[in-house]
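Below is one structure, written out as structure tokens; the observations come after it.
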Amino acid sequence: MSLISLRAVRKTYHLGQTEVHALKGIDRAIEQGEFTAVWGPSGSGKSSLLNLIGMLDAPSSGQVLLDDKPINDLSDDQRADMRNAKIGFVFQNFNLVPVLSAQENVALPLQIRGMAAPQANQLAADALAEVGLADHARRRPDLLSGGQRQRVAIARALVTKPEIVIADEPTANLDAENSRLVIELMRDMNQRHKVTFLFSTHDPRLIDKVGRLIKLADGQLVNGEQS
């Protein structure tokens, strides 16, 4: 049983009178523990694909399955519950709460789940230590570099012990060195915790860092993808 299965998945957006076919019949499986990049130029469908897998959007046709369960048939509340239980997210703009410290940002999803603050803060401190930011736990995002903010975001994604972490262009706002460090950190977390990572990129410098590459162009899979 695959962790994620995509079966003839299509996604069409309606912009006024115009139809945009973002995904055109995607068939692909992602296994537990993979470290996979979705690669392609802007407009290739990368973000649309990640949004469907992350249950932030629904396909126009076809099926997306998580743990062999079709997510198309779930209610909004059921999708939210499954998303919160199984998926962590990392965004290119970090999406940290500016008035909260690094530790408070990491603890936030645990507290949303109802965990008591002392336990959530301890788990957040442990997660920050694991990404090398123990000494920055009390700093707010505006006092952190871009690379440090993305490491906080990775700690936040992992603190809930998800089955998969989805990262949409996680290095887009970073320089080359910080991009390399963030990808190496995600790879290390993947190997140590066996958590599946799926991230999108259009940066060719990162291709040799991934375990598997899914190539997209114009909403379709490209032949010769790396596996």
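Those letters in the sequence shown? Residues 3 to 229, per our numbering, in order. Virtual Cβ for every residue (Gly too), placed ideally from N, Cα, C. Since we're looking at a predicted model, the values are computed, not measured.
With which residues is V40 paired in a DSSP beta bridge?
Walking along the sequence shown from the start, residue 40 turns up at place 38. Answer is S202, I216.
Thinking C-beta only, is V167 closer than 8 Å to R153?
Along the sequence shown, read from residue 1 onward, the residue named residue 153 stands at position 151. Along the sequence shown, read from residue 1 onward, the residue named residue 167 stands at position 165. No.
Spatial neighbours of R140 within its chain, please: C-beta separation below 6 Å, excluding the five flanking residues on both sides.
Counting from 1 along the sequence shown, the entry for residue 140 is found at position 138. Same-chain partners within the cutoff: S103.
Answer yes or no: do G90 and A219 have a C-beta to C-beta separation smaller than 8 Å?
As a working mapping, residue 90 is identified with position 88 in the sequence shown. As a working mapping, residue 219 is identified with position 217 in the sequence shown. Taking 8 Å as the Cβ cut-off, G90 and A219 do not qualify as a contacting pair.
Among L51, N192, L17, A136, which residue has its Cα nearest to the Cα of I28?
Start at 1 with the first residue of the sequence shown, and residue 28 comes out as number 26. Ranking L51, N192, L17, A136 by Cα distance to I28 puts L51 first.
Which same chain residues, not among the five before or five after A31, have their C-beta less than 6 Å away from its C-beta?
By one-based count along the sequence shown, residue 31 stands at place 29. Answer for A31: S4, S7, listed in chain order.
On a Cα-Cα basis, can you pick out the residue from K13, L98, A109 that is closest to G149?
Within the sequence shown, residue 149 is the residue found at index 147, counting from 1. If we check each option's Cα against that of G149, L98 comes out closest.
Looking at the strands, I want to know which residues DSSP matches up with I114.
To locate residue 114, count along the sequence shown from 1; it is residue 112. Answer is none; I114 lacks a bridge partner.
Among F96, H23, N74, L58, which has the Cα closest to the Cα of Q65?
Counting from one through the sequence shown, the residue named residue 65 turns up at place 63. For the residues F96, H23, N74, L58, the minimum Cα distance to Q65 belongs to N74.
Cα-Cα, which of P143, A127, R142 is closest to A136?
Within the sequence shown, numbered from 1, the residue matching residue 136 stands at position 134. Cα-wise, what sits closest to A136 is A127.
Where DSSP assigns a beta bridge to E21, which residues make up the other side?
Looking up residue 21 in the sequence shown gives position 19. Looking at the DSSP assignment, E21 forms a beta bridge with H16.
Straight-line gap, G45 to V92 (C-alpha atoms, nearest Å):
Here residue 45 corresponds to residue number 43 of the sequence shown, with the count starting at 1. Here residue 92 corresponds to residue number 90 of the sequence shown, with the count starting at 1. Roughly 20 Å separates the two Cα atoms.
Taking the runs of the alpha helix (DSSP H) that are 4 residues or longer, which of them lie wholly in the stretch 96-181?
104-114, 119-132, 148-160
Beta-carbon spacing of T14, V212 below 8 Å:
Walking along the sequence shown from the start, residue 14 turns up at place 12. Walking along the sequence shown from the start, residue 212 turns up at place 210. No.
Can V40 and S147 be called in contact, C-beta distance under 8 Å?
Mapped onto the sequence shown, residue 40 falls at position 38. Mapped onto the sequence shown, residue 147 falls at position 145. Not in contact: V40 and S147 (Cβ atoms no closer than 8 Å).
Look at the alpha carbon of P72 and the alpha carbon of L200, and state the distance between them as a whole number of angstroms.
Counting from 1 along the sequence shown, the entry for residue 72 is found at position 70. Counting from 1 along the sequence shown, the entry for residue 200 is found at position 198. Using only the alpha carbons, I get a separation of about 19 Å.
Assign V22 to one of two classes, buried (16 or more other C-beta atoms within 10 Å of its C-beta) or exposed (fewer than that).
Mapped onto the sequence shown, residue 22 falls at position 20. That one is exposed.
In angstroms, rounded to a whole number, what distance separates the CA positions of D190 and N86?
Here residue 190 refers to the residue found at position 188 of the sequence shown. Here residue 86 refers to the residue found at position 84 of the sequence shown. D190 and N86: Cα-Cα distance of roughly 23 Å.
Per DSSP, P61 is paired with what?
The count along the sequence shown starts at 1 and reaches residue 61 at position 59. Answer is none; P61 lacks a bridge partner.
Taking the alpha carbon of A129 as the reference point, which residue from I185, K163, I216, V11 has its own alpha carbon closest?
Within the sequence shown, numbered from 1, the residue matching residue 129 stands at position 127. Minimum Cα distance to A129 is reached at K163.
Just checking: is the beta-carbon of F199 within a distance shorter than 8 Å of some beta-carbon in chain D?
The question asks about chain D, but that chain is absent: this structure has only one protein chain.
So, helix, strand or coil for V11, using DSSP?
To locate residue 11, count along the sequence shown from 1; it is residue 9. Residue state, collapsed to three classes: strand.
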